[in-house]
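Colleague: Take a look at this one; I'll ask things after.
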Amino acid sequence: MGRIGVELRLSKNEDTMRPIKGHETHGFTLIELLVALAISLLVMGAIFLTFKSQQDSYVIQDQVTRMQQNLRGAMYMMTRDIQMAGYYTNFDTGLRTCDWDDLDSDNDTTTNTEQGRALIFAVDNTSVSGIKSGTDEIVIVKAVHERDLATGSLTDEGTLVAGESASGNTITLNDLDLDGDGDPDLNATGKRFGVLVKNDLSRADFFEVQSLSGSTLTTRQALAENYTAGDLIFRADVIIYRVTDNATRPALVRKNLGRNSGYVTVAENIDNLQIQYRLKDGTWVNDPAGSQAQVRAVRVAILARTARLNRGYTDPNTYALGNVNYTPGDGYRRRVLFSEIKTRNIGL
């Protein structure tokens with residue numbers, strides 16, 4: 652038989668005759684993993700710190716913005732009231748005895764009384780419960796816009812008409828509703844202050860209602876003048892500004908003794924209030940007692956602080972607030988606002 656031959660040819664590349672090895676897979680060592688993890692943590696930490704820094708900056712700026720808004724709002728309210736101090740009450744030259752400053756907060760005008768003109772009162776550097784120690788208080792007295800009783804038209808004054816009069820301790824009116832809104836404007840409780848003015852503005856009497864019978868009022872102090880038809884009558888406001896002694900959130904509050912209202916918050920986080928008074932001879936005083944009719948301007952300094960402490964921050968400033976230098980040295984950020992307000996109705 653014929654032989655079938657098989658010829659094996661060797662490749663020139665001898666490696667083809669060697670066993671084929673599997674492809675090698677390379678991984679990370681434990682050290683490499685730890686290094687990568689550490690780098691990742693550093694990057695994440697940097698991102699977090701950047702975010703936290705931006706967030707803290709945003710919170711601080713938001714608090715500062717709110718603080719500045721509080722300052723502007725508080726100064727606006729005080730300016731509006733101070734400018735009206737002495738409105739028509741300026742024509743009363745007598746001394747009136749009353750608990751003007753309400754330092755005891757009892758809403759009783761017959762206790763702890765002071766004597767003075769019904770214009771403007773001050774308490775310098777208070778030190779009583781309920782008021783932040785070392786801050787000032789101001790009391791503003793003014794007439795309120797009412798209507799003309801004869802015509803019913805809205806004017807700056809109410810006018811006594813036929814049958815209405817006032818003398819001694821008695822005021823006789825036809826109607827206690829001076830502004831036509833349906834509610835009595837004078838009574839013996841909340842709306843107990845008023846002022847009578849001669850129609851030629853020669854004289855006035857600030858009065859407090861002690862009792863009421865129908866439309867007849869009995870005043871606590873006797874009137875110095877007699878008033879008849881044609882003379883003017885107003886309800887009066889006695890407005891108090893002070894700073895509360897709440898350590899975590901002190902506030903500037905306002906109370907109107909002429910409306911029997913409690914203390915209402917004007918602005919929160921008010922740290923200090925200092926007030927000075929310029930007399931007509933140009934001198935500045937901290938309390939115009941005995942010289943109230945000489946006041947021509949009021950300088951108000953309001954110091955506000957942020958609502959929350961700023962971690963890692965200490966306020967390094969000393970604030971010169973009139974006659975007081977205030978150094979808080981804590982972690983609140985602060986702003987101060989000054990204003991000199993002319994008393995347009997005192998000294999006319």
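For the sequence shown, the positions run 652 to 999 when the working numbering is used. Heads up, the beta-carbon is just placed ideally off N, CA and C, and yes, glycines get one too.
1. How big is the Cα-Cα spacing for T740 and F702?
2. Taking only the alpha-carbon atoms, compute the straight-line gap between V795 and K906 and give it to the nearest angstrom.
3. Specify, as a first and last residue, the run of the beta strand (DSSP E) that G767 falls within.
4. Going by Cα to Cα distance, which pick from R717, A773, S866 is closest to S816?
5. Just verifying my parser: in three-state terms, what is the DSSP assignment at R654?
6. With burial defined as no fewer than 16 other Cβ atoms inside 10 Å of the residue's Cβ, what is the status of I926: buried or exposed?
7. Just to confirm my understanding: we take D882, look at its own chain, exclude 5 residues before and 5 after, and list those with CB closer than 7 Å. What are they?
8. Near Y964, what residues of its chain come up, given a Cβ to Cβ distance below 6 Å and the 5 sequence neighbours on each side ignored?
9. Tell me which residues share the same chain as L598 and place their Cβ nearer than 7 Å to its Cβ, disregarding the 5 neighbours each side in the sequence.
10. Could you tell me the distance, in whole angstroms, from the CA atom of T748 to the CA atom of D922?
11. How would you label D759, buried or exposed, when you count the other beta carbons within 10 angstroms and need 16 or more for buried?
12. What residues in its chain sit with their C-beta under 8 Å from that of A902, if we drop five residues either side in the sequence?
13. So if DSSP puts V686 in a beta bridge, which residue, or which two residues, is it bridged to?
14. In chain order, what residues of the same chain have a beta carbon less than 6 Å from the beta carbon of D732, not counting five sequence neighbours either side?
15. Looking at the secondary structure, which residues open and close the beta strand (DSSP E) in which R986 lies?
16. I need the straight-line Cα distance from T821 to N776, nearest angstrom please.
17. Rank K993, L999, E876, V951 by C-alpha distance to the C-alpha of E788 and give the top, closest one.
18. Any idea what DSSP makes of I926, helix, strand or coil?
19. Would you kindly check if the distance between the Cβ of R854 and the Cβ of D742 is under 8 Å?
Modeller: With the structure as the only source:
1. 59 Å
2. 15 Å
3. 765-767
4. S866
5. Bear in mind that a pLDDT of 47 at R654, under 50, signals an unreliable position, so the number given afterwards is only what the model happens to contain. Looking at R654 - three-state DSSP - the assignment turns out to be coil, as it is neither helix nor strand.
6. buried
7. L811, L847, V848, K849, N850
8. G982
9. In the structure as shown, the chain starts at 652 and stops at 999, and residue 598 therefore has no counterpart that could be examined.
10. 31 Å
11. exposed
12. V894, T895, T916, V917, A918, E919, N920, I921
13. Its beta-bridge partners do not exist; DSSP assigns none.
14. I791, I890
15. 985-993
16. 39 Å
17. V951
18. strand
19. In the sequence as presented, Asp is not what sits at residue 742; that position holds Phe. Yes, these two residues count as a Cβ contact at 8 Å.
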